[in-house]
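Per my numbering, the very first residue in the sequence shown carries number 14; after that it's consecutive.
Worksheet: the structure to be examined is printed underneath.
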Amino acid sequence: MTECHTIRGLCGVFLDSILHYVKTEPVMDSWYVAAVYEHNLILKSKPDVPLSRLDALQHMQKNLDIYEEQAAQAAQQGAQILVFPEDGLHGFNFSRSSISGYLETIPDPQQESWNPCTEPGKYNNTEVLQRLSCMARRNKLYLVANMADLQPCPLKTDPTSSCPSDGRWLFNTNVVFSSDGLLVARYHKHNLFLFEPHFDTPPQPEIITFDTPFAGRFGLMICFDILFHKPTVALVEKGVRQLVYPTAWINHPPLMDAVQVQQAFSLGANVTLLAANIRYDQLKMRGSGIYTPFSATYHYAQKGDPEEGRLLVARVPVLDPLWVRKNVTTKEGVVRSESTSSTATDSGFCHQESCSDSPPPENASSVPPSSATFISSMIFDPFTFVLLNETEGKVNVCNGTFCCHLQYRQLPQGDSKELYALGAFAGTHTMYSRMALQVCALVRCAGLDTSSCGQEVEEAESKMDFLLEGKFGTRYVYTSVLASKMVLEQPEHLETAADGRVTMKHSNMTGGLVTACLYGRMYHLDNE
14 MTECHTIRGL CGVFLDSILH YVKTEPVMDS WYVAAVYEHN LILKSKPDVP LSRLDALQHM
74 QKNLDIYEEQ AAQAAQQGAQ ILVFPEDGLH GFNFSRSSIS GYLETIPDPQ QESWNPCTEP
134 GKYNNTEVLQ RLSCMARRNK LYLVANMADL QPCPLKTDPT SSCPSDGRWL FNTNVVFSSD
194 GLLVARYHKH NLFLFEPHFD TPPQPEIITF DTPFAGRFGL MICFDILFHK PTVALVEKGV
254 RQLVYPTAWI NHPPLMDAVQ VQQAFSLGAN VTLLAANIRY DQLKMRGSGI YTPFSATYHY
314 AQKGDPEEGR LLVARVPVLD PLWVRKNVTT KEGVVRSEST SSTATDSGFC HQESCSDSPP
374 PENASSVPPS SATFISSMIF DPFTFVLLNE TEGKVNVCNG TFCCHLQYRQ LPQGDSKELY
434 ALGAFAGTHT MYSRMALQVC ALVRCAGLDT SSCGQEVEEA ESKMDFLLEG KFGTRYVYTS
494 VLASKMVLEQ PEHLETAADG RVTMKHSNMT GGLVTACLYG RMYHLDNE
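Encoded structure:
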């Protein structure tokens, strides 16, 4: 049974073990219906063994059969755009030779117009493109899918680029079809993860958008891209307020859980994010959602839940400022002079002095440094921690010259004994890629000893009222609050000061605190 909870600053939280919904009402006149599908994909048993084109097609058709069912269900619920996840048709862990049977050469929609459904004979070996195109056309919706693209050398879009050693380009690729089946966009993933040695990085980052008649402009990105400036932040800084996000995200709590990262980016960048993930428990892949700066409709499967797909459908406000100004009219038919959404210059990253109408909270930075600090690894980075030894108080921890401050009141539930710590890290993460970070994180430790602080935790009993603050050297700071069983909570109050200080205040939690985080990205230092 779904329960309804009220949180200060929000209209409500509706949650059960399967689906969570967080909502406040924006002042919007234009809406559309979006859908994302978390796909429990059918995998190839031996991805390192090459298959013939026929056998690879037979494998992909099994996943496409599921896509067909979900597209029909989404259309029945009024969806105008449907997003499928990264790797959803073929899977992962290929070599360059073993993925060969799965490849199709995808034409560039910026160079030519092609409807694979109505013009199937134009190109050979495009069966998957044809089926996706007909799926969009049959269900009268925009459809976004992810597949493997083969492009010959040299690239038409970049003739001077050097070729890979085997003489061909292989790209992790998003394709977008309009509601009549026209191929309208193609995006090649720029930030590849460790497990993608079979794919190439495009010679130049691609900034790709597409336009829709119901909501204006959307931008494209894939999985790991969300952590980097190009293409993701570059899209936002061009004024794109609606992003489509196929992903095959491996969860790494307490800082890098899928729904946590998805909501944090939506809030931090002030954008809509349509995020479709894979469901594959063996690799800890799960967590999808439809996020706006005002709401989150998401799914995060719990331990023991059946390993199955999940379709999410939500009514979403149009955020594209150009579309809103062009299409929103008064009853008299006169275009309004004011826009109902932020302009490109003030969208995202809390550029304004305060992200809330609440009065400014007490400044926690006057707390003297806490003495008993220790080092513990969190997602392969050496955080400096200090324990929360009392049920309430103030603590301060520094990693080098970067300091984090916390004012808190812990609300233990029953006889539970849980250890909490405040951690700080300022440096370059190098395990998965080079990422320059400044992070303040309040975490529940996995055990009762300090070595467990920073380890993966998904459940907690102790609720917490807190004020968390850090002074950042970047304006790109992403905030998140995770409650027990990975329930998202929208921070009660956020404030950014001119000197880089970011303050997050939260209380009245719905469940025990797993983590509260201020995640600063120093994009300009990634390669130094």
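Positions of the beta carbon are idealized from the N, C-alpha and C atoms, including for glycine.
Just so it is clear, the structure is predicted and the values come from calculations on it, not from any experiment.
Quiz item: Are residue 93 and residue 158 close, meaning C-beta to C-beta below 9 Å?
Solution: Counting from 1 along the sequence shown, the entry for residue 93 is found at position 80. Counting from 1 along the sequence shown, the entry for residue 158 is found at position 145. Going by C-beta atoms, residue 93 is not nearer than 9 Å to residue 158.
Quiz item: In three-state DSSP terms, what is residue 542?
Solution: No statement about residue 542 is possible, as the shown extent of the chain runs from 14 to 541 and does not include it.
Quiz item: Taking the Cβ atom as the reference point for each residue, do residue 72 and residue 64 lie within a distance shorter than 9 Å?
Solution: Residue 72 sits at position 59 when you count from the first residue of the sequence shown. Residue 64 sits at position 51 when you count from the first residue of the sequence shown. Yes, Cβ-Cβ distance for residue 72 and residue 64 is below 9 Å.
Self-check item: Span of the beta strand (DSSP E) around residue 390
Solution: Translated into the one-based positions of the sequence shown, residue 390 becomes position 377. First-last of the beta strand (DSSP E) with residue 390: 386-391.
Exercise. Below 8 Å CB to CB, which residues in the same chain sit around residue 86 once its five sequence neighbours on both sides are set aside?
Key: For the purposes of this step, residue 86 is taken as the residue at position 73 of the sequence shown. Same-chain partners within the cutoff: 324.
Quiz item: Considering only C-alpha positions, which residue in the set 511, 206, 77, 143 is nearest to residue 446?
Solution: Translated into the one-based positions of the sequence shown, residue 446 becomes position 433. Selected option, being the one with the closest Cα: 206.
Quiz item: Helix or strand or just coil, what does DSSP make of residue 499?
Solution: Here residue 499 is taken as the residue at index 486 of the sequence shown, counted from 1. Three-state DSSP puts residue 499 in a helix.
Self-check item: residue 114 (DSSP reduced to helix, strand or coil)
Solution: Position 101 of the sequence shown, counting from 1, holds the residue named residue 114. Residue state, collapsed to three classes: helix.
Practice problem: Could you tell me the boundaries of the beta strand (DSSP E) in which residue 451 lies? | Solution: Taking the sequence shown and counting its residues from 1, the one referred to as residue 451 is at position 438. Looking at the DSSP string, the run of the beta strand (DSSP E) that includes residue 451 is 448-457.
Practice problem: Quick one: which unbroken beta strand (DSSP E) runs of 3-plus residues sit fully inside the segment 62-102? Chain order, please. | Solution: For the segment 62-102, whole beta strand (DSSP E) runs of length 3 or above, ordered along the chain, are 94-96.
Quiz prompt | Nearest-angstrom Cα separation, counted from residue 193 out to residue 151 | solution = Counting from 1 along the sequence shown, the entry for residue 151 is found at position 138. Counting from 1 along the sequence shown, the entry for residue 193 is found at position 180. Looking at the two C-alpha atoms, the distance is approximately 8 Å.
Quiz item: Whose CA, out of 250, 418, 299, 307, lies closest to the CA of residue 277?
Solution: Stepping through the sequence shown from its first residue, residue 277 is reached at position 264. From the listed residues 250, 418, 299, 307, the smallest Cα separation to residue 277 is found for 307.
Exercise. Buried or exposed for residue 125, please, with buried defined as at least 16 other CB atoms from any protein chain shown within 10 angstroms of its CB.
Key: Position 112 of the sequence shown, counting from 1, holds the residue named residue 125. With fewer than 16 other Cβ atoms within 10 Å, it is exposed.
Quiz item: What's the call for residue 40, buried or exposed, on a 16-neighbour Cβ count within 10 Å?
Solution: Mapped onto the sequence shown, residue 40 falls at position 27. Interpretation of residue 40 is limited by its pLDDT of 49, a score under 50 that renders its predicted location unreliable; no figure is taken from the coordinates.
Quiz item: So what's residue 481 in DSSP terms, helix, strand or just coil?
Solution: Taking the first residue of the sequence shown as 1, we reach residue 481 at position 468. Residue state, collapsed to three classes: strand.
Self-check item: Through-space distance from residue 437 to residue 412, alpha-carbon basis
Solution: In the sequence shown, residue 412 corresponds to position 399, counting from 1. In the sequence shown, residue 437 corresponds to position 424, counting from 1. Residue 412 and residue 437 have their alpha carbons spaced roughly 6 Å apart.
Self-check item: Closest Cα partner of residue 164 within the set 149, 155, 156, 180
Solution: For the purposes of this step, residue 164 is taken as residue 151 along the sequence shown, with counting starting at 1. The residue among 149, 155, 156, 180 with its C-alpha nearest the C-alpha of residue 164 is 180.
Quiz prompt | N- and C-terminal bounds of the beta strand (DSSP E) containing residue 409 | solution = In the sequence shown, residue 409 corresponds to position 396, counting from 1. Run containing residue 409: 405-412, per the beta strand (DSSP E) assignment.
Exercise. Using the Cα positions of residue 528 and residue 493, report the straight-line distance between them to the nearest angstrom.
Key: Mapped onto the sequence shown, residue 528 falls at position 515. Mapped onto the sequence shown, residue 493 falls at position 480. The alpha-carbon of residue 528 is positioned some 8 Å away from that of residue 493.
Quiz item: Ends of the beta strand (DSSP E) at residue 161?
Solution: Taking the sequence shown and counting its residues from 1, one reaches residue 161 at position 148. That run of the beta strand (DSSP E) goes 155-165.
Quiz prompt | When 513, 426, 441, 515 are compared against residue 523, the one with the closest alpha-carbon | solution = By one-based count along the sequence shown, residue 523 stands at place 510. Closest option to residue 523, Cα to Cα, is 426.
Practice problem: Mind checking which residues open and close the alpha helix (DSSP H) that includes residue 301? | Solution: Counted from its first residue, the sequence shown places residue 301 at position 288. Where residue 301 is concerned, there is no enclosing alpha helix (DSSP H), although the beta strand (DSSP E) it sits in stretches over 301-304.
Practice problem: Please name the residue or residues paired with residue 523 in a DSSP beta bridge. | Solution: Here the question's residue 523 lines up with position 510 in the sequence shown. Looking at the DSSP output, residue 523 shares a beta bridge with no other residue.
Exercise. Would you give the residue range spanned by the beta strand (DSSP E) that residue 329 belongs to?
Key: Translated into positions along the sequence shown, residue 329 becomes position 316. Taken as a continuous stretch (DSSP letters only), the beta strand (DSSP E) holding residue 329 covers 323-330.
Quiz item: CA-CA distance, residue 211 and residue 146?
Solution: Counted from its first residue, the sequence shown places residue 211 at position 198. Counted from its first residue, the sequence shown places residue 146 at position 133. Going by the C-alpha atoms only, they are around 26 Å apart.
Quiz prompt | Under the three-state DSSP convention, the category residue 511 falls into | solution = Taking the first residue of the sequence shown as position 1, residue 511 is located at position 498. Residue state for residue 511 is assigned as coil, using DSSP reduced to three classes.
Self-check item: Beta-carbon contacts of residue 144 that lie in its chain and below 7 Å, excluding the five residues immediately before and after
Solution: The residue labelled residue 144 in the question sits at position 131 within the sequence shown. Counting only Cβ-Cβ distances below 7 Å, and skipping sequence neighbours, we find 77.
Quiz prompt | Span separating the alpha-carbon of residue 398 from that of residue 299 | solution = Here residue 398 is taken as the residue at index 385 of the sequence shown, counted from 1. Here residue 299 is taken as the residue at index 286 of the sequence shown, counted from 1. Straight across, the Cα-Cα distance linking residue 398 with residue 299 is about 29 Å.
Quiz item: In terms of DSSP beta bridges, what is residue 52 paired with?
Solution: Taking the first residue of the sequence shown as 1, we reach residue 52 at position 39. According to DSSP, residue 52 bridges with 291.
Quiz item: Near residue 107, which residues of its chain fall below 6 Å by C-beta distance, leaving aside the five closest residues on each side in sequence?
Solution: Locating residue 107 in the sequence shown gives position 94, where the first residue counts as 1. These residues qualify, in order along the chain: 60, 211.
Self-check item: Cβ separation of residue 257 and residue 240, assumed to be a contact under 8 Å, to the nearest whole Å
Solution: If you number the sequence shown from 1, residue 257 lands on position 244. If you number the sequence shown from 1, residue 240 lands on position 227. Contact flag wrong, Cβ pair sits at about 17 Å.
Quiz item: Which residues in the same chain as residue 469 place their Cβ atom closer than 8 Å to its Cβ, once the five residues preceding and following it in sequence are excluded?
Solution: Here residue 469 refers to the residue found at position 456 when the sequence shown is read from its first residue. Excluding positions up to five away in sequence, the list reads 265, 266, 267, 459.
Quiz item: Any idea what DSSP makes of residue 38, helix, strand or coil?
Solution: Position 25 of the sequence shown, counted from the start, is the residue given in the question as residue 38. For residue 38, the predicted model reports a pLDDT of 48, less than 50, meaning its position is unreliable; a value from the coordinates is still stated below. Note: residue 38 maps to coil in three-state DSSP.
Exercise. Compute the distance between the beta-carbons of residue 531 and residue 457, then report whether it is under 9 Å.
Key: Working through the sequence shown from its first residue, we reach residue 531 at position 518. Working through the sequence shown from its first residue, we reach residue 457 at position 444. In terms of Cβ geometry, residue 531 and residue 457 do not form a close pair [threshold 9 Å].
Exercise. Have a look at the DSSP bridge pairing and note the partners of residue 46.
Key: Here the question's residue 46 lines up with position 33 in the sequence shown. Under DSSP, residue 46 shares a beta bridge with 328.
Exercise. Please determine, among 118, 171, 498, the residue with the shortest C-alpha to C-alpha distance to residue 217.
Key: To locate residue 217, count along the sequence shown from 1; it is residue 204. Comparing Cα positions, the closest option is 171.
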